[in-house]
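Residue numbers (my numbering), protein chains in the order written: chain A, 133 to 525; chain B, 133 to 525.
Right, one structure below, let's go through it.
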């Protein structure tokens with residue numbers, strides 16, 4: 133039978149590296165490829181208690197819920213967001229199945245085939261894939277260690293009239309970068325001037341190693357006296373609680389959230405209500421902030437270990453020391469190396485990473501690789517970096 | 133700020149009745165409108181035990197999972213499907229966030245704007261909304277109490293060359309209809325002949341009042357000796373376990389399921405892994421089949437009560453007695469009544485239903501209404517039908 137698939141799904145390319153990375157599963161391969169949090173620190177007891185609290189509420193907690201998401205959870209999120217300077221009432225919050233679904237629904241709400249989206253280049257791979265699937269014209273804006281180049285952004289907004297701009301200003305995936313205050317203020321003003329929506333994806337914002345440092349979200353820089361906040365802010369519990377719960381959220385002006393809710397309703401009616409209720413109880417009774425301090429300390433230790441090992445094994449690469457998040461972004465000294473080719477060799481030697489090119493729209497820097505430092509414990513990490521040394525020598 | 137939403141989201145109309153039905157929430161209104169299972173029969177203790185089983189597995193159960201869905205759950209689904217004559221290996225099963233997401237992902241995989249989808253008319257409202265959102269040309273095929281008129285189907289396939297046909301052959305929403313064996317065999321042959329995909333949506337298939345009756349799925353009528361099964365079968369645990377878990381699945385040829393998995397990955401990476409693992413344990417340790425017998429007996433009782441009340445209060449309408457599912461489809465004797473207008477009056481009198489027109493593509497029968505009989509206990513049901521009598525008199 134001849135199958136006529138949609139343009140959308142045909143445009144959604146399976147990554148060639150996906151097949152290679154599949155080989156890492158179940159084998160004696162040390163993988164720095166996944167974006168996984170460390171299992172050792174999942175608050176499993178507290179999560180279990182939270183679920184028991186849900187069941188103690190009675191059978192009603194097992195019924196259908198509302199598309200917007202569990203009201204009590206949205207209240208708790210609203211309170212937590214205040215600590216980040218984000219003011220949002222319940223009508224401004226939509227619960228999603230991880231922040232991945234937030235990206236998908238936002239794109240559905242704004243993008244017609246051929247519309248332009250501006251991005252940092254490189255950026256989050258699975259966002260690029262969503263944009264591809266909706267037939268968007270994805271254009272990279274020049275970026276450096278402080279964020280997007282605002283002159284280039286200005287020009288590209290004028291030239292392309294993008295439907296929205298997608299950024300990860302705090303501990304970006306894959307680069308680990310943090311935008312400077314000036315750039316954050318700058319992009320907000322530009323978005324207001326050109327009436328352009330800004331998607332601020334913030335899954336890693338709370339994984340910060342220096343608790344005293346200020347990593348204000350772009351969303352929070354908007355003054356509530358102003359007319360309209362062009363920022364849609366999205367985050368998730370996957371990195372600070374546990375990924376299996378698949379619970380994220382998106383915050384924005386009510387007129388936009390209403391459209392996202394409409395899209396959510398046809399997509400899946402609502403996300404798991406049991407998980408949402410459990411997260412409500414977790415936020416209520418568990419000291420999540422203390423827990424975040426614990427994982428941040430541990431992740432910082434692992435990051436330090438990894439950078440030390442990279443030096444110790446004289447991996448011929450440079451990187452910017454990340455101040456949070458989950459990734460180390462390496463640029464290999466030999467600019468002729470194609471890291472996608474290198475991966476094949478690496479997997480044979482028993483170590484895996486993600487080649488940098490997959491994070492770019494267009495060509496990209498072929499001699500870049502992304503290493504995850506949160507998942508692998510020290511002993512394994514050492515073996516992994518040693519193997520990487522063999523691959524590169 | 134001027135907001136430029138996508139065509140998709142603009143085409144997705146909010147139903148005018150949605151606002152009216154919102155009024156029913158929290159008020160002294162007896163609602164036969166929702167498609168809700170009865171809470172009293174949710175197996176809450178067994179579900180709680182299943183979740184405890186998940187946590188006993190350790191912290192790894194809280195990590196990210198694979199997009200296809202929890203392997204052990206797919207194995208259990210594969211076994212359960214065998215009892216329905218459906219043979220599917222693990223690569224042919226994709227777990228979704230309720231069967232609603234299955235409908236959405238299938239549509240994403242096949243439909244370009246302007247492509248035609250053939251449907252029974254009336255049919256499941258939220259499927260119509262998905263199709264609308266993807267810009268499909270939705271065309272109704274003439275249907276009667278035995279299913280689609282196969283001559284009309286033949287003609288419309290030739291004329292429109294649809295991408296797929298969407299049917300709910302067992303206890304349909306809203307009509308409660310069951311297709312005859314001849315029609316089921318017929319549509320399968322036609323789909324093979326014209327190489328057209330058939331979506332068989334089966335959320336209610338197990339809510340059958342006569343356990344001895346044969347309600348074979350269309351999917352199962354395909355001989356495994358044949359080349360290619362054009363049927364995609366989707367169902368859910370929402371009606372037989374509990375909706376809050378939001379877990380459904382879709383079964384089909386591997387070449388199609390692979391594309392659905394690709395779409396699922398960008399949509400939300402995967403559905404709640406905690407819920408999927410809990411459902412695995414539930415299927416393993418809980419006697420779900422006995423539980424289904426219990427709810428079927430109860431739902432049959434409620435259906436009998438409702439039809440008896442409709443007669444007792446001399447509601448001027450006719451209906452076909454449903455043999456399963458959750459809905460009673462009434463055609464009011466007075467063909468001039470517009471049930472959407474009637475709903476406004478009804479809500480004022482303290483009773484709600486869904487006006488039939490929302491389930492049609494095109495005009496539809498204005499004097500039809502859908503009543504849910506599973507959710508409302510007897511005493512309340514009597515008050516509700518009495519109120520309906522007042523509205524109609």
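A virtual CB, placed ideally from N, CA and C, is assigned to each residue, including glycine.
Please read all numbers here as calculations on a predicted model, not as lab measurements.
Checklist entry - Okay, do the region 378-395 of chain B and the region 394-414 of chain A touch, 3+ Cβ pairs below 8 Å being the bar? => result yes
Checklist entry - With a cut-off of 8 Å, do at least 3 Cβ pairs link the region 356-372 of chain B to the region 383-390 of chain B? => result yes
Next on the checklist: So residue 141/A and residue 394/B are supposed to be a Cβ contact under 8 Å. How far apart are they, rounded?
Outcome noted: 6 Å
Item to check | Cβ-Cβ separation, residue 182/B to residue 369/B (assumed contact under 8 Å), whole Å | outcome: About 12 Å; that fails the 8 Å criterion.
Next on the checklist: Checking 8 Å against the spacing of the C-beta atoms, do residue 510/A and residue 462/A come in under that value?
Outcome noted: no
Checklist entry - Does residue 400/A come within less than 8 Å of chain B when only Cβ atoms are used? => result yes
Next on the checklist: I need the straight-line Cα distance from residue 466/B to residue 198/A, nearest angstrom please.
Outcome noted: 35 Å
Item to check | Beta carbon proximity, residue 439/A to chain B, threshold 8 Å | outcome: no
Next on the checklist: For a contact defined as C-beta to C-beta under 7 Å, what are the partners of residue 417/A on chain B?
Outcome noted: The contacting residues do not exist; residue 417/A stays about 16 Å from chain B at best.
Checklist entry - Can a CB atom of chain A be found closer than 8 Å to the CB of residue 454/B? => result For residue 454/B, the answer is no, since every Cβ of chain A falls outside 8 Å of its Cβ.
Checklist entry - Nearest chain B C-beta to residue 265/A closer than 8 Å, yes or no? => result Judged by the 8 Å Cβ criterion, residue 265/A is in contact with chain B.
Checklist entry - Curious, which full-length alpha helix (DSSP H) runs of at least 4 residues does the region 264-289 of chain A contain? => result none
Item to check | Sequence ranges, alpha helix (DSSP H) only - wholly within the region 341-379 of chain A, length at least 4 | outcome: 350-353
Next on the checklist: Between residue 191/A and residue 172/B, how many whole angstroms is the CB-CB distance? I'm expecting something under 8 Å.
Outcome noted: Between residue 191/A and residue 172/B a beta carbon distance of about 7 Å is seen, short of the 8 Å cut, so the two are scored as contacting.
Checklist entry - Which residues bound the beta strand (DSSP E) around residue 459/A? => result 459-464
Item to check | Beta-bridge partners of residue 296/B, as assigned by DSSP | outcome: Answer is 249/B and 329/B.
Next on the checklist: My output table needs one value for residue 244/A: the three-state DSSP class, helix, strand or coil.
Outcome noted: Coil at residue 244/A, not helix or strand.
Checklist entry - Using a beta-carbon distance below 8 Å, is residue 164/B in contact with chain A? => result For residue 164/B, not one C-beta of chain A is nearer than 8 Å to its own C-beta.
Item to check | Stretch pair the region 417-435 of chain B + the region 151-171 of chain B: three plus CB contacts closer than 8 Å | outcome: yes
Next on the checklist: I need the boundaries of the beta strand (DSSP E) containing residue 500/A, first residue and last residue.
Outcome noted: Note, residue 500/A: beta strand (DSSP E), 500-504.
Item to check | When 162/A, 281/A and 505/A are compared against residue 250/A, the one with the closest alpha-carbon | outcome: 281/A
Item to check | Integer-rounded CB distance, given that residue 242/A should sit under 8 Å from residue 295/A | outcome: Taking 8 Å as the upper bound for CB-CB distance, residue 295/A and residue 242/A are in contact here, some 5 Å apart.
Item to check | Whole-Å CB distance - residue 268/A paired with residue 236/A, under 8 Å assumed | outcome: Incorrect: roughly 12 Å between the Cβ atoms, too far for contact.
Checklist entry - If you measure from the beta carbon of residue 244/A to each beta carbon in chain B, is any gap under 8 Å? => result yes
Checklist entry - What residues in its chain sit with their C-beta under 8 Å from that of residue 273/A, if we drop five residues either side in the sequence? => result Contacts found: 250, 251, 252, 253, 280, 281, 284, 285, 288 and 297.
Item to check | residue 225/A, enclosing beta strand (DSSP E) - first and last residue | outcome: Boundaries of the beta strand (DSSP E) around residue 225/A: 225-228.
Next on the checklist: Can you tell me where the alpha helix (DSSP H) holding residue 479/A begins and where it ends?
Outcome noted: From DSSP, the alpha helix (DSSP H) with residue 479/A extends over 471-481.
Item to check | Below-8 Å beta-carbon distance, residue 407/A vs any chain B residue | outcome: yes
Item to check | Distance, residue 306/A Cα to residue 258/A Cα | outcome: 11 Å
Next on the checklist: To test your reading of the DSSP string, which unbroken alpha helix (DSSP H) runs of 4 or more residues are found completely within the region 148-225 of chain B?
Outcome noted: 148-154, 176-188 and 203-215
Checklist entry - When you compare only the Cα positions, how much space is there between residue 316/B and residue 336/B? => result Computed Cα separation, rounded: 17 Å.
Checklist entry - Taking the C-alpha atoms as reference points, what is the distance between residue 452/A and residue 310/A? => result 11 Å
Checklist entry - What is the residue span of the alpha helix (DSSP H) that residue 393/B lies within? => result That run of the alpha helix (DSSP H) goes 386-400.
Next on the checklist: Please confirm whether residue 404/A has its beta-carbon closer than 8 Å to some beta-carbon of chain B.
Outcome noted: yes
Checklist entry - What residue range is occupied by the uninterrupted alpha helix (DSSP H) comprising residue 507/A? => result Here residue 507/A belongs to no alpha helix (DSSP H), and DSSP marks it neither H nor E.
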